[in-house]
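One structure is given below, encoded as structure tokens.
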Amino acid sequence: MTSSNTRILEETAVRYFLEVVRRGSITEAAITLNVASSAISRQISRLEDALDTPLFERISRGMRPNAAGELLAAHALRMQLEAERVGNELAALKGLRRGEVKLACTEGFALEFVPHAIAQFRERHRGIRFHLSVGNAKSVAQLVREGTVDLGLTFMLAPDPDIKVEFSQKAPIMAVMHPDHVLAGRKRVSLSELAQYPLGMPKKNITMRRLIDACCSRSNVVLEPVLSADSISALLSFVMSGNGVGFSAQIPIREYLRTRKLVAVPIKDKDMNALYLEIQSLSGRTLPQAARSFLNTLIDRASEYA
């Protein structure tokens, strides 16, 4: 790459290019960046001319990077993240007095685990600000992969490309119910037994539901929920009403268990132990100091659930 091409990679064109990659169209990128679409088109053309190669495939619904575009996007993103990290490190030379940590997590972590970890961390580091996005496992991994967030917390069944797993531990799925439920005193319960009661279950696109359905298929058990939802808060409220049984790992319900609002009973099927709690970062990225320090707090708290 010539020196003139190197200079091109340091300019506004790359920032616009990365936003088009993220959004999938010039129009959406223009809205996000609050600039004219024509300005982004000019910068993309300038970048392609300087590198002497097309960077996008034009498709009916927008644009997607070709092989050259994907290579440039990966390189440019890491440059951008490294520059951001160095800036944060310089600001933190006198200690963790300033800085921010960007997080993404699934809803189960947002109920208690992450807010309590933030409160604990800020007792020691008052100058650190946090930004939290809540979504499903796929969107959390995507935000990590894009470098939009420093850390992602989610439940996973299998490794994800480009994702570094900073911490992982088993998160068995348990049957959860009101303390007065007939099954609440059991040491263990089977899927076939649960099929006899009204069930609240995550929707089929949720990682936990995919594991439950796979276990049921292997055991020839059919579970027909009376409530399917993509909100764990709604499912837990349904269970706490005493009207049924739900499913959860321990992290989302720890406070409910402590206060005896819910009871958790292990499920006999050993494959219900195949879910993993993961703390993720972008592979190859050096985390800013504040994010690295907060990662240690998250790992310490997560280890309490082992």
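Residue numbering for the sequence shown follows UniProt numbering, starting at 1 and increasing by one per position.
Just so you know, even glycine gets a beta-carbon here, dropped at the ideal spot from N, CA and C.
Quantities reported herein were computed from a predicted structural model and do not represent experimental measurements.
Buried versus exposed call for residue i [16 or more other C-beta atoms within 10 Å across all chains shown]
| i | result |
| --- | --- |
| residue 296 | exposed |
| residue 278 | buried |
| residue 59 | exposed |
| residue 179 | exposed |
| residue 54 | exposed |
| residue 128 | buried |
| residue 63 | buried |
| residue 17 | buried |
| residue 65 | buried |
| residue 196 | exposed |
| residue 131 | exposed |
| residue 202 | buried |
| residue 8 | The predicted model places residue 8 with a pLDDT of 45, which falls under 50 and marks its position as unreliable; any figure quoted below should be read in that light. Its Cβ being crowded by 16 or more others within 10 Å, residue 8 is buried. |
| residue 141 | buried |
| residue 267 | buried |
| residue 44 | buried |
| residue 40 | buried |
| residue 36 | exposed |
| residue 32 | exposed |
| residue 248 | buried |
| residue 217 | exposed |
| residue 231 | exposed |
| residue 233 | exposed |
| residue 176 | buried |
| residue 373 | Lying outside 1 to 306, the shown extent of the chain, residue 373 is not represented and no answer is given. |
| residue 38 | exposed |
| residue 149 | buried |
| residue 204 | exposed |
Beta-bridge partners of residue i, as assigned by DSSP
| i | result |
| --- | --- |
| residue 177 | 263 |
| residue 280 | 152 and 165 |
| residue 238 | Paired residues: none, contrary to the question. |
| residue 65 | 56 |
| residue 247 | 175 |
| residue 229 | 202 |
| residue 129 | 100 |
| residue 105 | 134 and 153 |
| residue 313 | Nothing about residue 313 can be read from this structure; the chain reaches only from 1 to 306. |
Pair within 8 Å by beta-carbon distance, residue i and residue j
| i | j | result |
| --- | --- | --- |
| residue 143 | residue 265 | no |
| residue 288 | residue 24 | no |
| residue 181 | residue 242 | yes |
| residue 13 | residue 47 | yes |
| residue 263 | residue 244 | no |
| residue 112 | residue 260 | no |
| residue 251 | residue 108 | yes |
| residue 240 | residue 173 | no |
| residue 114 | residue 153 | yes |
| residue 145 | residue 162 | yes |
| residue 138 | residue 283 | no |
| residue 285 | residue 42 | no |
| residue 294 | residue 101 | yes |
| residue 219 | residue 160 | no |
| residue 256 | residue 235 | no |
| residue 155 | residue 106 | yes |
Nearest-angstrom beta carbon gap, residue j and residue i [assumed within contact, 8 Å]
| i | j | result |
| --- | --- | --- |
| residue 103 | residue 151 | 5 Å |
| residue 223 | residue 191 | 7 Å |
| residue 110 | residue 134 | 5 Å |
Residue i: CB within 7 Å of a non-hydrogen atom of the ligand PLP
| i | result |
| --- | --- |
| residue 43 | As for the ligand PLP, it is missing from this structure, which has no ligand bound. |
Would the region 155 to 174 and the region 118 to 126 be scored as touching if the rule is three or more Cβ pairs under 8 Å?
no
Segment contact flag, the region 58 to 78 with the region 204 to 219, C-beta cutoff 8 Å, min 3 pairs:
no
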